[in-house]
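J.: Below is a structure I'd like to ask you about.
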Amino acid sequence: MTADQLADLIERMAARLLAERAVLNRLDAATGDGDHGSSISGALALAVQEIDALEEPSPQAIWLTTAQALLNGMGGASGAIFGTFFLKGAARLQDAQRISQVDMAALLEAGLAGVQARGRAQVGDKTMVDALAPAVAAFAAAADFPSAWRAAADAAAAGAESTRDMLARQGRAKYLGERAIGHVDPGATTIALMFAAAADTHTAE
322 MTADQLADLI ERMAARLLAE RAVLNRLDAA TGDGDHGSSI SGALALAVQE IDALEEPSPQ
382 AIWLTTAQAL LNGMGGASGA IFGTFFLKGA ARLQDAQRIS QVDMAALLEA GLAGVQARGR
442 AQVGDKTMVD ALAPAVAAFA AAADFPSAWR AAADAAAAGA ESTRDMLARQ GRAKYLGERA
502 IGHVDPGATT IALMFAAAAD THTAE
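Heads up: the sequence shown runs through residues 322 to 526, numbered per our numbering.
So, in structure tokens, the structure goes:
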């Protein structure tokens with residue numbers, strides 16, 4: 322992937338989350354404040370604007386700009402977690418001008434590790450990790466770049482749906498106890514939508 326393709330990926334992610342903003346808000350309303358969709362779609366829209374304004378839009382600058390927009394634009398625990406995912410990934414890009422599948426796999430793995438270190442969540446805790454961890458694993462195991470995005474998107478979607486029957490052990494939903502069962506985690510759903518957008522982006526190239 323080139324820097325231009327990476328910028329397009331972020332733009333498509335932003336567009337997908339904006340389109341699903343109301344859905345994400347409804348999911349969040351069941352276990353939280355009900356503003357997750359508005360918050361993250363707004364932060365990614367900010368990222369797109371700031372990426373467009375970059376004088377030297379290298380892959381690292383694009384990923385780092387996205388991290389900062391999420392950290393500053395969302396605020397709170399969600400902003401810290403989603404921002405950390407991009408922030409830790411950006412550290413793996415350094416001076417790269419193009420990103421291979423191996424590079425992207427390492428970036429995603431670093432992001433996942435950062436999310437788990439920050440949020441202390443594991444698979445089964447009913448968080449974004451339930452979608453992110455299987456997506457990252459599927460991406461790394463795929464045969465080529467296009468199939469990697471699609472495999473990751475499918476794994477993320479399945480992971481997000483699996484949170485429906487989970488008892489939350491991390492995040493605000495854990496305070497609801499069994500009342501959170503039956504509701505899909507909004508953060509996991511967001512991850513699934515982001516990977517779906519990435520898969521569609523790569524398929525369109």
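The beta carbon of each residue, even a glycine, is placed where N, CA and C say it ideally should be.
From the DSSP output, in three-state form, read off Arg413 for me.
T.: Taking the first residue of the sequence shown as 1, we reach residue 413 at position 92. Three-state result, Arg413: coil.
J.: Would you call the CB atoms of Leu391 and Gly410 closer than 8 angstroms?
T.: Counted from its first residue, the sequence shown places residue 391 at position 70. Counted from its first residue, the sequence shown places residue 410 at position 89. No, Cβ-Cβ distance for Leu391 and Gly410 is not below 8 angstroms.
J.: Drop a sphere of 10 angstroms on the beta-carbon of Ala340, count the other beta-carbons inside from all chains shown, and report buried for 16 or more, exposed for fewer.
T.: Looking up residue 340 in the sequence shown gives position 19. Residue burial is scored here from C-beta neighbours: Ala340 has fewer than 16 other C-beta atoms within 10 angstroms and is therefore classed as exposed.
J.: From the DSSP output, which residues share a beta bridge with Arg419?
T.: Counted from its first residue, the sequence shown places residue 419 at position 98. Note: Arg419 sits in a beta bridge opposite Thr323.
J.: Does the structure place the stretch 475-489 close enough to the stretch 448-460 that three or more beta carbon pairs sit under 8 angstroms?
T.: yes
J.: Check whether the stretch 358-373 and the stretch 382-402 are in contact - that is, three or more C-beta pairs closer than 8 angstroms.
T.: yes
J.: If I'm right that Ala401 touches Ile372 with Cβ under 8 angstroms, what's the distance once you round it to whole angstroms?
T.: In the sequence shown, the residue the question calls residue 401 occupies position 80. In the sequence shown, the residue the question calls residue 372 occupies position 51. Ala401 to Ile372, Cβ: 21 angstroms. No contact.
J.: Report all residues from its chain with a CB closer than 7 angstroms to the CB of Ala469; omit the five preceding and five following residues, and keep chain order.
T.: Here residue 469 is taken as the residue at index 148 of the sequence shown, counted from 1. Answer for Ala469: Gln422, Phe460, Ala463, listed in chain order.
J.: Quick one: residues in its chain with C-beta nearer than 7 angstroms to the C-beta of Glu377, no 5 flanking neighbours on either side, listed in chain order?
T.: Position 56 of the sequence shown, counting from 1, holds the residue named residue 377. Within the same chain, Glu377 has no close Cβ partners at all.
J.: When the distance is taken between beta carbons, is Asp506 closer than 8 angstroms to Thr522?
T.: Numbered from its first residue, the sequence shown carries residue 522 at position 201. Numbered from its first residue, the sequence shown carries residue 506 at position 185. Cβ atoms of Thr522 and Asp506: not closer than 8 angstroms.
J.: Indicate the three-state DSSP secondary structure (helix, strand or coil) for Asp475 in the structure shown.
T.: Translated into positions along the sequence shown, residue 475 becomes position 154. DSSP places Asp475 in helix when its eight states are reduced to three.
J.: Pick out whichever of Val344, Gln370, Ala351 has its Cα sitting closest to the Cα of Ser359.
T.: Looking up residue 359 in the sequence shown gives position 38. Measuring from the Cα of Ser359, the nearest candidate turns out to be Val344.
J.: Using the beta-carbon count (16 or more within 10 Å), is Gly503 buried or exposed?
T.: The sequence position of residue 503 within the sequence shown is 182, counting from 1. Exposed: under 16 other Cβ atoms inside 10 Å.
J.: Since I believe Phe407 is in contact with Gly432 (beta carbons under 8 angstroms), could you give me their beta-carbon distance rounded to a whole number of angstroms?
T.: Here residue 432 is taken as the residue at index 111 of the sequence shown, counted from 1. Here residue 407 is taken as the residue at index 86 of the sequence shown, counted from 1. Indeed, because the Cβ distance is near 7 angstroms, the residues count as touching under 8 angstroms.
J.: Rounded to whole angstroms, what is the Cα-Cα separation between Asp451 and Ala438?
T.: To locate residue 451, count along the sequence shown from 1; it is residue 130. To locate residue 438, count along the sequence shown from 1; it is residue 117. Roughly 15 angstroms between the two C-alpha positions.
J.: Considering only the alpha carbon of each residue, which of Gly440, Ala474, Thr323, Lys447 lies closest to Arg419?
T.: One-based indexing of the sequence shown puts residue 419 at position 98. When each option's Cα is compared against that of Arg419, the closest is Thr323.
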